[in-house]
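Take a look at the structure below.
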């Protein structure tokens, strides 16, 4: 795509390297696929969710995504497969100097296309354009110049001109005024033409501008105001019909439907939310969120498909856990986005709320608290944690000073170093506690992986290791690490400042876990382990104050003594990574 030249002498271009048609089966999807390069993915068939870094998008026919190898991707399929076109891209810069032109590969990180989900007007036309491009690429009668023009036309579809700033500002003011009217008159019948007149726009322009600015339609926004007000009125001594009338809903059944759509539960469940028996289906330890709020989950499920599991083993495990949930007879099930494939089965057991994925763990803790009527307890958790962070930061500043720390996980063929952002554990260590990252810790990234065969030199004063696999795998990895000059030259290794830790990656999503991580960080240096004493490290028993690994994942000493009623695995990528 060639911009208007003006007086510039360099012009960035996006070229089509190749185009492919691929089908990805749910049974063989990799958790975090690696991309061959920059590409555009256009979905032809299938349904599910696509996680790109910290955001989750619907994966369905007509959607298009710009992806690059730096992104962390995870696809959760609801259908048996997803089929898509993959357009591999090649970026170059064309330069003009006097009368001569040259082309060179573009090394800049910036792209002409927006990262992630691409804005398209009509998804079906994009699929059709891409299909023609794919067929033309296989036809010897189509000239390469025609292919290039067709591809540039497709790129143009993804780039929409931005409206003028002053027009946006005026529309925004009008929208704010219409919202003020909603708050004053939500108990009455509010008409769309009244709102658009207040905003100074036509009904069509108002609806379009409102949704663009607020993310929902005017009607949805008004319903949210009404539902928020109804939460204050819902009590055992007040009927659903009375409440629906008081907040402007003319029909109690419509009110109940809208209430459930907004909150995830019916008004009837909301009234008795403090007495609900709650189960969880999660990789993000919602059971610990509940425990921090004073509620124990009646059953736990983790249906993540681990790499070492066969399809038949996974199906057996899922069925066992679903049976356990059914026998527990919960009133409500809390599930994360990785359990979307089981939604139909879960909702047959009990009303199921699918919580949105967010790196901000506090947001989901607050959401869970609202669902079970424990908002005050959630605020207490946040207050106490804030005090604990302040206390720990002061002590760690004294004990660590300017020394650096790194957190890594062991894999059979690589090590993964946690970055300084993009994950609750990263934010806790390097932002909230103010610890200094080691040289291999990627800045403003979630993780960085290093192959064992070619381990790059890195330096850190303290190293925290989470043993990711069974001991025999860890022993092999550690043997390879010890043979690496980069590893042996590291200050943490030479000084014996290496500590085996619990699964901080999984623990960091809840207040209980965050507290435990800080407690482990505050342990005296004498408990640090020397990695050169390999057998002791791999097979040592945890101290009474340490988290232990059981068949139900990681738990505190008190919970381990009590035992767990239902199975919940907390390993590998299903642990909240």
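Numbering (the UniProt record's numbering), first residue to last: 1 to 577. The beta carbon of each residue, even a glycine, is placed where N, CA and C say it ideally should be.
Cα-Cα separation, residue i to residue j
| i | j | result |
| --- | --- | --- |
| residue 62 | residue 295 | 43 Å |
| residue 80 | residue 202 | 44 Å |
| residue 38 | residue 72 | 13 Å |
| residue 366 | residue 15 | 46 Å |
| residue 220 | residue 251 | 16 Å |
| residue 33 | residue 184 | 50 Å |
| residue 354 | residue 335 | 5 Å |
| residue 198 | residue 41 | 42 Å |
| residue 480 | residue 413 | 10 Å |
| residue 87 | residue 447 | 26 Å |
| residue 147 | residue 340 | 39 Å |
| residue 584 | residue 52 | Residue 584 lies beyond the stretch modelled for the chain, which goes from 1 to 577, so this question has no answer here. |
| residue 236 | residue 229 | 16 Å |
| residue 152 | residue 495 | 58 Å |
| residue 318 | residue 345 | 11 Å |
| residue 17 | residue 155 | 14 Å |
| residue 452 | residue 177 | 60 Å |
| residue 316 | residue 309 | 10 Å |
| residue 580 | residue 320 | Since the first and last residues shown for the chain are 1 and 577, residue 580 lies out of range. |
| residue 129 | residue 300 | 46 Å |
| residue 417 | residue 499 | 15 Å |
| residue 401 | residue 476 | 34 Å |
| residue 302 | residue 348 | 17 Å |
| residue 190 | residue 256 | 19 Å |
Residue environment, residue i, which counts as buried when at least 16 other CB atoms sit within 10 Å
| i | result |
| --- | --- |
| residue 138 | exposed |
| residue 216 | exposed |
| residue 57 | exposed |
| residue 466 | buried |
| residue 174 | buried |
| residue 77 | buried |
| residue 419 | buried |
| residue 383 | exposed |
| residue 194 | exposed |
| residue 238 | exposed |
| residue 25 | exposed |
| residue 524 | exposed |
| residue 342 | buried |
| residue 483 | exposed |
| residue 304 | buried |
| residue 454 | exposed |
| residue 253 | exposed |
| residue 188 | exposed |
| residue 391 | exposed |
Close beta carbons around residue i, own chain, < 7 Å, minus the five adjacent residues each side
| i | result |
| --- | --- |
| residue 44 | 61, 83, 84, 85 and 127 |
| residue 395 | 522 |
| residue 114 | 66 |
Nearest-angstrom Cβ-Cβ length linking residue i and residue j, presumed shorter than 8 Å
| i | j | result |
| --- | --- | --- |
| residue 223 | residue 258 | 5 Å |
| residue 385 | residue 287 | With a Cβ gap of about 18 Å, residue 385 and residue 287 do not count as contacting. |
| residue 424 | residue 430 | Actually they are not in contact, since the Cβ atoms of residue 424 and residue 430 sit about 12 Å apart, beyond 8 Å. |
| residue 106 | residue 12 | 6 Å |
| residue 504 | residue 512 | Not quite, the Cβ-Cβ distance comes to about 13 Å (not below 8 Å), so this is no contact. |
| residue 351 | residue 269 | 6 Å |
| residue 506 | residue 285 | 6 Å |
| residue 377 | residue 369 | 6 Å |
Residues near residue i in its chain [Cβ-Cβ closer than 6 Å; skip 5 each side]
| i | result |
| --- | --- |
| residue 389 | 432 |
| residue 103 | 92 and 94 |
| residue 421 | 444 |
| residue 227 | 259 and 262 |
Beta-carbon contacts of residue i that lie in its chain and below 8 Å, excluding the five residues immediately before and after
| i | result |
| --- | --- |
| residue 456 | 440, 450 and 486 |
| residue 381 | 292, 293, 365 and 511 |
| residue 578 | The chain is shown from 1 up to 577; residue 578 falls before or after that span and cannot be answered. |
| residue 89 | 14, 15, 16, 17, 37, 38, 39 and 40 |
Beta-carbon gap between residue i and residue j smaller than 8 Å
| i | j | result |
| --- | --- | --- |
| residue 145 | residue 136 | no |
| residue 360 | residue 277 | no |
| residue 408 | residue 264 | no |
| residue 59 | residue 46 | yes |
| residue 297 | residue 290 | yes |
| residue 186 | residue 240 | no |
| residue 246 | residue 233 | yes |
| residue 283 | residue 338 | yes |
| residue 434 | residue 509 | no |
| residue 464 | residue 405 | yes |
| residue 279 | residue 325 | yes |
| residue 97 | residue 9 | yes |
| residue 134 | residue 23 | no |
Minimum Cβ-Cβ distance from residue i to chain D less than 8 Å
| i | result |
| --- | --- |
| residue 505 | Protein chain content of the structure displayed is limited to a single chain, and chain D is not contained in it. |
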